[in-house]
Amino acid sequence: MGTGGVLAPETSDERLMLAFQAGDARAFEALMRKHRAPVFNFILRFVGQRARAEDVLQETWLKVVRSAREYTPKARFTTWLYTIARNLCVDSTRKESYRQTTSLEAPVGGTDGDEGRPLGEGLPDSGASPERGAHNARLRPLLERALAGLPEEQREVFVLREYSGIPFKEIAEVTGVSENTVKSRMRYALEGLRRRLGELGVDGDLSEDGRTVAG
Amino acid sequence: MSAQNAHAHEDRLLDFAYGELPASEAQSLEQHVQGCARCSKALSDIRGVRSTMAHLSVEPPPDAGLESLLAYAQQSARRAAAGPEPKPSRWRRWLLPVVGLASVSTFGLLTLEVSKDVNLQPTLTQKAEPAAAKADQALAYDDAPARPAAPPPAMQAAPAPAPMEGALLDRAQRKQAEASVGAKGGGEGRPSDWMNAGSGGALLERRRGAEAKKQMSGFGMSKSEAKRDALSAPSAVMDDEAKDSALAQGTLGGSRSGLGVSTGIGNGGGGSDKLRKEEEGSLRLGGASYGRGLATDEDALAEEVALPPPADSVVAGAPMAPSTPPMPTGSTQRNQQAPGKAMAAAEQMPAPVQMPAPEPLPATVSKPKSAPAEKAARADALTTSRDLSRQAQEAASQGDRARESQLLRAALAAGATGSERLSLLSRLCEAEYARGRRTEGAEVCARILSEAPDSEAARRAGLWLGQGGAATVPVKKAPAQAAPVPSKQ
Chain W
1 MGTGGVLAPE TSDERLMLAF QAGDARAFEA LMRKHRAPVF NFILRFVGQR
51 ARAEDVLQET WLKVVRSARE YTPKARFTTW LYTIARNLCV DSTRKESYRQ
101 TTSLEAPVGG TDGDEGRPLG EGLPDSGASP ERGAHNARLR PLLERALAGL
151 PEEQREVFVL REYSGIPFKE IAEVTGVSEN TVKSRMRYAL EGLRRRLGEL
201 GVDGDLSEDG RTVAG
Chain R
1 MSAQNAHAHE DRLLDFAYGE LPASEAQSLE QHVQGCARCS KALSDIRGVR
51 STMAHLSVEP PPDAGLESLL AYAQQSARRA AAGPEPKPSR WRRWLLPVVG
101 LASVSTFGLL TLEVSKDVNL QPTLTQKAEP AAAKADQALA YDDAPARPAA
151 PPPAMQAAPA PAPMEGALLD RAQRKQAEAS VGAKGGGEGR PSDWMNAGSG
201 GALLERRRGA EAKKQMSGFG MSKSEAKRDA LSAPSAVMDD EAKDSALAQG
251 TLGGSRSGLG VSTGIGNGGG GSDKLRKEEE GSLRLGGASY GRGLATDEDA
301 LAEEVALPPP ADSVVAGAPM APSTPPMPTG STQRNQQAPG KAMAAAEQMP
351 APVQMPAPEP LPATVSKPKS APAEKAARAD ALTTSRDLSR QAQEAASQGD
401 RARESQLLRA ALAAGATGSE RLSLLSRLCE AEYARGRRTE GAEVCARILS
451 EAPDSEAARR AGLWLGQGGA ATVPVKKAPA QAAPVPSKQ
């Protein structure tokens, strides 16, 4: 599945980053083409809005360029990259939450109101791919909503691990918490998703769709 | 404990579910899961959620901002590549091409200059060498008729290249003129330098135009009077140049400073070629032409003095002639030396620059001062010898051979030279034989033969000797007896 499939570099990211440090712009391009989509999806899942996600994505890579000299091969490139992206996401989310609370009565409670996540509403419907068929077209918003319903710390861990392929240990570095905390959040995230998906009636559909649950 | 163990087991299930568990642990865990319902349930829940959430498609990132981002990265990479020492690298980047370009252009300019010189050198030398040869001849003869022959080649050579090479020649020409003097001066001798300087000067003059004319205007006036002031003009130039009294240097200096001999040409650019030739001839040949001018002056003066000879002066001169032998002989030597002087000098003195100098300059400087006395003395000598010769002719016509021979000896002693001397000797020989004084006649005839063996007088002297049968005449004694000849009787 997604286990480290994103990170299967023939040339290690670290070497590419060092090459970019030495002035090789192609190394940066290779890194960006490899990690741009996962980083964008992480940002998108984090901030919940595509427009903001695009801004944060651009800021993230700009910061990678600006901070290239600060990079040391002690840390993995993805750790460093997602740390930057996450910090920017946190900043963006704070600004947005401040703006929302000051401008209008913040619909923080959301529709579900469990833990008050705006992401369930904000997750884009427009990005759905039509070729997945009517089933997936119907399923996607539910999945988005279920993910958006996760607490931020659980969501980010889940996104980083599930979609970005970042190992738990690295997630711990990115998020600044221990690996056990990461795994704990992951367990909570998985449990929360399973419960929410069940509430949304997705579980049965997926079972029909075929062999979802390990059997 | 159990809770921690349980979480630890769940964490291991997470690692196992996401493939982060090492293979050995994964196998043992898998075996455990198969035998543990709880762990099997937990693992199936994890895989179920993951399987469901995997349907959430990955969103494609926007293309907006990608190019600008890459451009920014490239710029930053260049800065990074420049590293901490951007200035030296820039210096190196620019220094090499700039220095290379400068050196190449310098080399090109030098090559152009050299090629100019190389192209010019043959033209000048080719033109100069024939002219130089002619000048050599002219110098060898060192005589009035030969003189004017030298300037025309230079003049023919000079105007032709002047328009063509006017643009090419400038500083290079000057350098070349100097170089040619310096290089060829030691070997080829004055004529080539002369011609070089003359033609080069002419070229320079033509090219320099107004600038030179300004400088020349002052000299041009004196040059326009060059024929009369031929003595003063070159000397003035030489005084200006001052370094050496050499004529060649005088002309060369003139060509260098634009004030030299050829200034007359530049000055006379608007005038006729004839005038220019004359001026250049008189000026370029400098001291030599001066010598010629002096010689003609002397001749004219001598004729002026000789033609109206007062009869009294003959009487006065006759006794003076024997008593002052050095004067006539000195003048004789001088007159004889005059034609061959330059040739002898040319043979003896290979140094071209200074070669003409010693002769003309002392001439220009010293001759005007001592000229009157010398001319008077020589005029007296000529007058007395011609007068005595005429009196001897009268005596012969009267049949007084003794007086004739006496007068002839007196005339010879008075300093007759050249053909006149031969004529006197011939007449004396005839007179002596006519008087029957064969020994004296043979003596005189022998002197004729020794002095001018190829002349008509010698042929006649040979006839007299043959008729007189004076085989005993000691020819070698003739020079020794030449001195006593006047004293006899």
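Chains as they are written, first to last, in the UniProt record's numbering: chain W, 1 to 215; chain R, 1 to 489.
Ideal Cβ placement from N, Cα and C applies to all residues, glycine included.
Fair warning: this is a prediction, and the values are worked out from it, not measured in the lab.
Cβ neighbour criterion (16 or more within 10 Å) applied to residue i
{"i": "proline 167 of chain W", "result": "buried"}
{"i": "leucine 143 of chain W", "result": "buried"}
{"i": "tyrosine 98 of chain W", "result": "exposed"}
{"i": "arginine 12 of chain R", "result": "buried"}
{"i": "arginine 78 of chain R", "result": "exposed"}
{"i": "serine 164 of chain W", "result": "buried"}
{"i": "arginine 140 of chain W", "result": "buried"}
{"i": "valine 39 of chain W", "result": "buried"}
{"i": "leucine 21 of chain R", "result": "buried"}
{"i": "glutamate 113 of chain R", "result": "exposed"}
{"i": "threonine 93 of chain W", "result": "buried"}
{"i": "lysine 116 of chain R", "result": "buried"}
{"i": "leucine 56 of chain R", "result": "buried"}
Residue i and residue j closer than 8 Å at C-beta
{"i": "tryptophan 464 of chain R", "j": "glycine 441 of chain R", "result": "yes"}
{"i": "alanine 446 of chain R", "j": "alanine 452 of chain R", "result": "no"}
{"i": "glutamate 432 of chain R", "j": "serine 385 of chain R", "result": "no"}
{"i": "leucine 197 of chain W", "j": "alanine 148 of chain W", "result": "no"}
{"i": "leucine 424 of chain R", "j": "alanine 434 of chain R", "result": "no"}
{"i": "alanine 53 of chain W", "j": "leucine 44 of chain W", "result": "yes"}
{"i": "valine 159 of chain W", "j": "phenylalanine 46 of chain W", "result": "yes"}
{"i": "glutamate 173 of chain W", "j": "alanine 75 of chain W", "result": "yes"}
{"i": "tyrosine 71 of chain W", "j": "phenylalanine 42 of chain W", "result": "no"}
{"i": "glutamate 14 of chain W", "j": "phenylalanine 77 of chain W", "result": "yes"}
{"i": "glutamate 170 of chain W", "j": "threonine 79 of chain W", "result": "yes"}
{"i": "arginine 427 of chain R", "j": "alanine 392 of chain R", "result": "yes"}
{"i": "alanine 414 of chain R", "j": "leucine 388 of chain R", "result": "yes"}
{"i": "arginine 194 of chain W", "j": "aspartate 45 of chain R", "result": "yes"}
{"i": "leucine 16 of chain W", "j": "leucine 31 of chain W", "result": "yes"}
{"i": "alanine 410 of chain R", "j": "glutamate 404 of chain R", "result": "no"}
{"i": "valine 33 of chain R", "j": "leucine 43 of chain R", "result": "yes"}
{"i": "arginine 69 of chain W", "j": "glutamine 21 of chain W", "result": "yes"}
{"i": "glutamate 29 of chain W", "j": "leucine 70 of chain R", "result": "yes"}
{"i": "leucine 412 of chain R", "j": "serine 455 of chain R", "result": "no"}
{"i": "alanine 23 of chain R", "j": "arginine 47 of chain R", "result": "no"}
Residue i at chain W interface by Cβ criterion, 8 Å
{"i": "histidine 55 of chain R", "result": "yes"}
{"i": "aspartate 45 of chain R", "result": "yes"}
{"i": "valine 99 of chain R", "result": "no"}
{"i": "glutamine 31 of chain R", "result": "no"}
{"i": "histidine 9 of chain R", "result": "no"}
{"i": "glycine 52 of chain R", "result": "In the sequence on display, residue 52 of chain R carries threonine and not glycine. Closer than 8 Å: yes."}
{"i": "glutamine 34 of chain R", "result": "no"}
{"i": "proline 61 of chain R", "result": "yes"}
{"i": "arginine 93 of chain R", "result": "no"}
{"i": "serine 76 of chain R", "result": "yes"}
Neighbour flag for residue i against chain R, beta carbons, 8 Å
{"i": "tryptophan 61 of chain W", "result": "yes"}
{"i": "glycine 48 of chain W", "result": "no"}
{"i": "valine 157 of chain W", "result": "no"}
{"i": "methionine 186 of chain W", "result": "yes"}
{"i": "valine 65 of chain W", "result": "yes"}
{"i": "aspartate 91 of chain W", "result": "no"}
{"i": "alanine 75 of chain W", "result": "no"}
{"i": "glycine 201 of chain W", "result": "no"}
{"i": "glycine 23 of chain W", "result": "yes"}
{"i": "arginine 36 of chain W", "result": "yes"}
{"i": "glutamine 154 of chain W", "result": "no"}
{"i": "tyrosine 163 of chain W", "result": "yes"}
heavy atom of the ligand FAD below 7 Å from residue i C-beta
{"i": "arginine 86 of chain W", "result": "The model on display carries no ligand, and the ligand FAD is accordingly not part of it."}
Report yes or no: do the region 31-40 of chain R and the region 31-38 of chain W share at least 3 C-beta pairs separated by less than 8 Å?
no
Quick check: the region 93-104 of chain R against the region 71-90 of chain W, are at least 3 beta-carbon pairs closer than 8 Å?
The region 71-90 of chain W vs the region 93-104 of chain R: no contact.
Extract the residue ranges of the alpha helix (DSSP H) inside the region 394-436 of chain R, only unbroken runs of 4 or more that lie entirely within it.
401-413 and 418-435
Given 8 Å as the limit, is there contact between the region 60-76 of chain R and the region 18-34 of chain W, that is, 3 or more CB pairs closer than that?
yes
Cβ contact check for the region 52-72 of chain R and the region 51-67 of chain W: 3 or more pairs under 8 Å
yes
Cβ contact check for the region 176-191 of chain W and the region 149-156 of chain W: 3 or more pairs under 8 Å:
Yes, the region 176-191 of chain W is in contact with the region 149-156 of chain W.
Which parts of the UniProt domain "Putative zinc-finger" (10-39) of chain R are runs of the alpha helix (DSSP H), unbroken and 4 residues or longer, counting only runs that do not cross its ends?
23-35
Report the residue ranges of all alpha helix (DSSP H) runs contained in full by the region 14-53 of chain W; include only those spanning at least 4 residues, in chain order.
Whole alpha helix (DSSP H) segments, 4+ residues: 25-47.
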